[in-house]
Each structure stands twice: as structure tokens, then as C-alpha cells.
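In this note's numbering, the protein residues as written are 1 to 120.
First the structure, in the form of C-alpha cells, and then the observations on it.
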Amino acid sequence: MSDKICIKINNKKFNKENEKTKEAINKALNKLCETILQFEENGQPFERIFNNESIKYDVFENNFYTYKFRYSDNTQLRLLYHFVRDKDKIIIELHQYAVKRRNNKNYIEAFEKYAKNYKK
């Protein structure tokens, strides 16, 4: 991973997660960072990315976004991440995640509530 981007995991249950889910989350975070760096290197800063559901599937308050990712075994992940730009470095903080099952969208409410109440 580039020294221009940093990943932080701010979720206590992540370490207790099964290995398959952890691997899927790590791959998703790496893919997200790769994509953001491609945009940045092509002159389009993250803050100016619009209508790109692969990076910003849902947009919440306080610079929180949902990233959707499908792992190789068809596991569908939804990651709630916080975007921070600190000088020349980008920090992606994972705060919540959900393994999506069928048409279950309960994660949206939980993500929205978390983002709204972040640091309050």
C-alpha cells in the first residue's frame, strides 16, 4: 500500500471476527484505497468524486461513506468508513461493517445513526 494512504480499523469486534470475514474486509479496504489513489493520481480528489457508487455507495454526515464490496465467494460486504485528509496523507478509518444477506438493509440505519452521533 502506498505511503499516501493509511488504513485504521476502529472497530473492537473486528479482531473477534472469523478469518474469512477478516480476509474479505482487508481485501475490501485495500481495493477501496487502490481506487481512491487512482482517482487522486488522475487529478480527481476524493472530495470531488460524485456519482461513483463503487466508492461512495451511501453518503452520511461527518465524512462517513459506505463502500460496497463483493468478495470472491459472493459474500457481500458493506463498510462504513470515515475519510480524513491530513496534509498529504489520506486516512481511511473503518468504523462499522456488515455482511449483507439477501435484501436485508438493516445496516443502513445502524450506519446512519453511528455517523450522526460520531464524536458527539
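For glycine and all other residues, C-beta sits at the position ideal for the given N, C-alpha and C.
Membership of E19 in the alpha helix (DSSP H) is indicated by the continuous run 19-41. Annotated three-state conformation of E93 is strand, per DSSP. R85 counts as exposed, since fewer than 16 other beta carbons sit within 10 angstroms of its beta carbon. Excluding sequence positions up to five before and after Y107, its CB lies within less than 6 Å of the CB of R78, A98, all in the same chain and listed in chain order. Straight-line measurement puts the Cα of I91 at about 6 Å from the Cα of I7. If you ignore the 5 residues before and after I36, its C-beta comes within less than 6 Å of the C-beta of F46, all in its own chain and listed in chain order. Secondary structure note for F83: it is in no alpha helix (DSSP H), and the uninterrupted beta strand (DSSP E) holding it is 76-86. Under the 10 Å beta carbon count, A110 is surrounded by fewer than 16 other beta carbons and is classified as exposed. N30 has its alpha-carbon roughly 23 Å from the corresponding atom of R101. The continuous beta strand (DSSP E) containing Y65 extends over residues 64-70. Annotation for K8: the continuous beta strand (DSSP E) segment containing it runs 5-9. Excluding residues up to 5 positions away in sequence, H82, F83, V84 lie with their Cβ nearer than 8 Å to the Cβ of N63 in the same chain.
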